[in-house]
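See below for the structure under consideration.
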Amino acid sequence: MPGLATALDQHPGVWRGSELARSACPGVATGFAALDAELPGGGWPGGALTEILPQHEGIGELRILGPALAQLSGQGKFIAWIAPPYLPYAPALAAAGIALARVVIVKTAKDSDSLWAAEQALRTAACGGVLAWPRRISYTELRRLQLAAEAGGSLALLFRPSEAAREPTPAALRIALATAAGGLALSILKRRGAPLTRPILLPASLAPASGLSSRHDAHAVDSTTSAAAAAGSVSARLALA
Amino acid sequence: MPSPEPCAVAERQRLLVCDAKAAARGLRAGMPVSAALALAPGLRLRERETAAETEALLGIAAWAMQCTSSVALEFPDLVLLEVSGSLKLFGGLAQIEARLRQGLAAMGYSAHLAAAPTARAASWFARSGRHRLIADAALLENELRALPVSVLQCAEEEVLSSIGAGSIGDLLALPRAGLARRLGQPLLDALDQALGRLPDPRGAFVLPEKFGAAIELPAEATQTEALLFAAQRLLAQLEGFLAARAAGTRRLLLSLAHRAAPATRIELGLVAACREAAHFALLLRERLQQTALPEAVRAIALEVQAIEPLEHSNQSLFSDELQQEGNWPRLIERLRSRLGAAAVHGMALCADHRPERASARAEPGARQLALDFELRPFWLLERPQALEEMGSVPCHQGPLKLLAGPERIESGWWDGADIARDYFIARAANEALLWVYRERSPAGAWYLHGIFS
Chain W
355 MPGLATALDQ
365 HPGVWRGSEL
375 ARSACPGVAT
385 GFAALDAELP
395 GGGWPGGALT
405 EILPQHEGIG
415 ELRILGPALA
425 QLSGQGKFIA
435 WIAPPYLPYA
445 PALAAAGIAL
455 ARVVIVKTAK
465 DSDSLWAAEQ
475 ALRTAACGGV
485 LAWPRRISYT
495 ELRRLQLAAE
505 AGGSLALLFR
515 PSEAAREPTP
525 AALRIALATA
535 AGGLALSILK
545 RRGAPLTRPI
555 LLPASLAPAS
565 GLSSRHDAHA
575 VDSTTSAAAA
585 AGSVSARLAL
595 A
Chain A
61 MPSPEPCAVA
71 ERQRLLVCDA
81 KAAARGLRAG
91 MPVSAALALA
101 PGLRLRERET
111 AAETEALLGI
121 AAWAMQCTSS
131 VALEFPDLVL
141 LEVSGSLKLF
151 GGLAQIEARL
161 RQGLAAMGYS
171 AHLAAAPTAR
181 AASWFARSGR
191 HRLIADAALL
201 ENELRALPVS
211 VLQCAEEEVL
221 SSIGAGSIGD
231 LLALPRAGLA
241 RRLGQPLLDA
251 LDQALGRLPD
261 PRGAFVLPEK
271 FGAAIELPAE
281 ATQTEALLFA
291 AQRLLAQLEG
301 FLAARAAGTR
311 RLLLSLAHRA
321 APATRIELGL
331 VAACREAAHF
341 ALLLRERLQQ
351 TALPEAVRAI
361 ALEVQAIEPL
371 EHSNQSLFSD
381 ELQQEGNWPR
391 LIERLRSRLG
401 AAAVHGMALC
411 ADHRPERASA
421 RAEPGARQLA
431 LDFELRPFWL
441 LERPQALEEM
451 GSVPCHQGPL
461 KLLAGPERIE
471 SGWWDGADIA
481 RDYFIARAAN
491 EALLWVYRER
501 SPAGAWYLHG
511 IFS
């Protein structure tokens, strides 16, 4: 009965186990087509918690958020950075297209303050994205943040150590990041819909640094220093940053 | 402010008013203080303070200016509002009355409200405690007739009762000439003013430039909730004052008076001008919770020095103020009230080549310079971290591989914080991309300054 199949397909409350869940809240495009295709809602889930578990820092965990944050801040929404581990650096944020006037940085002394601040920021509609770096967070606290994100409809991006992958989570999306040959491997550990077993490989050339090699040439390089890396490999690798 | 014990105010050894708890024990106004104490041994007795009453009446008048621009006072206990011009704006007499009643309750006052076509009649209805909202002049005379003569507050009350005039109606029935001869023209004028036959000019109340109000706590308090409860009354008054001026404020000064210690001063600073008492109370709650009080608080004073124009906002249908878009100042204020002003900030680019000065703190929402930099990392270390060197190769969890550089940055000789560094992009053994530099000095030490995330 083809009629029934199409009717079921159109029903908002029905989804097939083999498909991605349909999201009532459209996602914010990540800027990477390969990643968008695998995420319900076609991007970072709005009004839901996303956990990002980088293998270690410095592998591109902020870079993959750049296009989405640039889009949100371009719409006039605020991006709150709650208890970041280092100073977010304005020149890099500006280069990623993020409107600096829409950035709010919150420093906290205690984890409880960080969670409180994250919850406050999530509940307002003025905040488009909330990035938080909790040191320790329990399931109940995660649940609170998830509810706050649902109330405010904003992106809730939580950075947690890779060991957290073993713990259960109420988050809608959980992504582990690792370096792979020539790029960044994203493993979707949890998403709404069918699980994804293979990692998504984002190539190294995706950084917003296309004009880098020419810029590099324009810059004076002291050939006598120990940094005399071969020019060819430099431009290829630089795109990673 | 509710207190655990019954409470009463006395004047010249007689009770003037008492609260519900005292009334339940059989205390009545007019009762001698000694009798009252016999009935309620735990009675908290306060002497009447006329100065405080006047202060309160002025506060109410300033607050009531939000409903009309013409307010008059009749000391010691009456505020008159000319509301005929405001009926359309607020949607009728009943709406204005509800608004006033709600606001007075929020400030902690109880009042008799009445409306009538003439100021004198309205004041009589209010004094008699009869709740009347009369808009039609034709109905006024009938309603007035039923009022007792005590509303006149004249010295000849006994004379009136002796001639059998117990109500205004009785007085109106008497011949005018005889009444004027026996009791004087002022009484007759008052009756005519009440009926609208004579003009009844009143001096208009002028709104003060600054706001200042104080409240004395019935019992010394240290707990946030108790202090907030009292402060909310002041904030409700402030809201009315600001609404009357079509203004808001960014700075509130609250001082908590103690018995011996100097007053604790709490200053609330806001990102955007605001007038809503609920928002002020929210910020104040966070601040009170963090303030260490040297002693219990006896009195609270609220002061606002500077106000700025703020347009009237539409009342929201849903109460959660943070649900509305575009109210980011509210979020910042709320975060700052708990975490401190320095903990919440925005950022801005600075025209400086020195990496640590290229990014600076700024107010969120501040205007930004458009500047172009070389490739820069997302994270900057607050303090460069010294790196070990192994055979002229810098190490950070293993030897680093330099991918690009050097970018020479030599700047800042003019302010003493000059730097001379060669920056490199390096890859660590674990594939992390780092921003490192080497001092351009004979020692040439290596430092980690940023992380490309």
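Chains W and A, in that order, are what the protein sequence lines are. Numbered by this note's numbering, the letters in the first sequence go through residues 355 to 595 in order. Numbered by this note's numbering, the letters in the second sequence go through residues 61 to 513 in order. Don't be surprised by glycine CBs; every beta carbon is placed ideally from N, CA and C. These numbers come from a predicted model, not from an experiment.
Interface partners of residue i on chain A, CB under 9 Å
| i | result |
| --- | --- |
| F386 (chain W) | Residues of chain A passing the Cβ test: none, with the nearest at roughly 16 Å. |
| Q474 (chain W) | L382, L391, R394, L395, R398 |
Under the three-state DSSP convention, the category residue i falls into
| i | result |
| --- | --- |
| V219 (chain A) | helix |
| D482 (chain A) | strand |
| G229 (chain A) | helix |
| Y497 (chain A) | strand |
| L543 (chain W) | strand |
| H339 (chain A) | helix |
| F438 (chain A) | coil |
| A563 (chain W) | Below a pLDDT of 50, predicted positions are generally treated as unreliable, and A563 (chain W), at 42, falls in that range; the measurement from the model is reported next regardless. A563 (chain W): coil per DSSP, three-state reduction. |
| W487 (chain W) | coil |
| F432 (chain W) | strand |
| L429 (chain A) | coil |
| L382 (chain A) | The pLDDT assigned to L382 (chain A) is 45, lower than 50, so where the model puts this residue is not dependable; a value taken from the coordinates is nonetheless given after this. Note: L382 (chain A) maps to helix in three-state DSSP. |
| A572 (chain W) | Model confidence at A572 (chain W) stands at a pLDDT of 35, short of 50, so the residue's coordinates are unreliable and nothing is read from them. |
| I413 (chain W) | coil |
| I326 (chain A) | strand |
Within chain W, partners of residue i - CB distance below 9 Å
| i | result |
| --- | --- |
| R500 (chain A) | Those do not exist, as R500 (chain A) stays about 10 Å from chain W at its closest Cβ, beyond 9 Å. |
| A418 (chain A) | Y443, A444, P445 |
Terminal residues of the alpha helix (DSSP H) in which residue i lies
| i | result |
| --- | --- |
| E157 (chain A) | 153-167 |
| E473 (chain W) | 465-477 |
Partners in chain W for residue i, counting only beta-carbon separations shorter than 8 Å
| i | result |
| --- | --- |
| I511 (chain A) | E411, G412, Y440 |
| L460 (chain A) | Going along chain W, no residue has its Cβ under 8 Å from L460 (chain A), so there is no contact; the nearest lies around 11 Å. |
| L425 (chain A) | Reading the sequence as shown, one finds Gly at residue 425 (chain A) and not Leu. In chain order: A455, R456. |
Closer than 8 Å to chain A by CB, residue i
| i | result |
| --- | --- |
| R417 (chain W) | yes |
| L511 (chain W) | no |
| A449 (chain W) | yes |
| T494 (chain W) | no |
| L551 (chain W) | Note on identity: in this sequence residue 551 (chain W) is Thr, with Leu being the wrong assignment. No, its Cβ sits nowhere closer than 8 Å to a Cβ of chain A. |
| T404 (chain W) | no |
Contact set between residue i and chain A, taken where Cβ atoms lie within less than 7 Å
| i | result |
| --- | --- |
| D465 (chain W) | Those do not exist, as D465 (chain W) stays about 13 Å from chain A at its closest Cβ, beyond 7 Å. |
| A446 (chain W) | R436, P437, F438 |
N- and C-terminal bounds of the beta strand (DSSP E) containing residue i
| i | result |
| --- | --- |
| H405 (chain A) | 404-409 |
| P246 (chain A) | Unbroken run through P246 (chain A) is the alpha helix (DSSP H), 245-255; no beta strand (DSSP E). |
| S471 (chain A) | 461-471 |
| E521 (chain W) | Looking at the DSSP string, E521 (chain W) is not in any beta strand (DSSP E), and its letter there is neither H nor E. |
| E405 (chain W) | 402-408 |
| F512 (chain A) | 506-512 |
| L76 (chain A) | 74-78 |
| R106 (chain A) | 104-107 |
| R311 (chain A) | 307-318 |
| V69 (chain A) | 67-71 |
| F317 (chain W) | With chain W covering 355 to 595 only, the question about residue 317 (chain W) has no answer from this structure. |
Min CB distance residue i to chain W below 8 Å
| i | result |
| --- | --- |
| F340 (chain A) | no |
| R335 (chain A) | no |
| E442 (chain A) | yes |
| N202 (chain A) | no |
| F135 (chain A) | no |
| G90 (chain A) | no |
| F433 (chain A) | yes |
Cβ-heavy atom distance, residue i to the ligand GDP, below 7 Å
| i | result |
| --- | --- |
| V77 (chain A) | The ligand content of the structure shown is nil, which means the ligand GDP is not present either. |
Proximal chain W residues relative to residue i, where beta-carbon distance stays under 7 Å
| i | result |
| --- | --- |
| Q550 (chain A) | Nothing in the structure corresponds to residue 550 (chain A), since chain A is present only between 61 and 513. |
| L409 (chain A) | A444, P445, A448, L454 |
| E491 (chain A) | I413, T533 |
| L494 (chain A) | G412 |
Within chain A, partners of residue i - CB distance below 8 Å
| i | result |
| --- | --- |
| W470 (chain W) | R398 |
| V460 (chain W) | L395, L399, A403, V404 |
| L500 (chain W) | Looking at the sequence shown, residue 500 (chain W) is not Leu but Gln. Correct list: empty, because the minimum Cβ distance to chain A is about 18 Å. |
Quiz item: If we count Cβ pairs, one from each stretch, closer than 8 Å, do we get three or more for the segment 111-130 of chain A versus the segment 280-300 of chain A?
Solution: Touching, yes, given that three or more Cβ pairs across the two stretches are closer than 8 Å.
Quiz prompt | At least three beta-carbon pairs within less than 8 Å, the segment 431-438 of chain W to the segment 458-468 of chain W | solution = Yes, the segment 431-438 of chain W is in contact with the segment 458-468 of chain W.
Practice problem: Evaluate the contact criterion for the segment 459-472 of chain A versus the segment 381-398 of chain W: three or more CB pairs, one atom per stretch, below 8 Å. | Solution: No contact exists between the segment 459-472 of chain A and the segment 381-398 of chain W.
Quiz item: Does the count of Cβ pairs from the segment 272-282 of chain A and the segment 350-365 of chain A closer than 8 Å reach three?
Solution: Taking 8 Å as the limit for Cβ pairs, the verdict is that the segment 350-365 of chain A does touch the segment 272-282 of chain A.
Quiz item: Do three or more CB pairs link the segment 140-150 of chain A to the segment 203-216 of chain A at distances below 8 Å?
Solution: Short answer: they don't touch.
Self-check item: contact_flag[the segment 404-412 of chain A, the segment 403-420 of chain W] where n(CB pairs < 8 Å) is 3 or more
Solution: Taking a cut-off of 8 Å on C-beta distances, the segment 404-412 of chain A does not touch the segment 403-420 of chain W, as fewer than three cross pairs fall below it.
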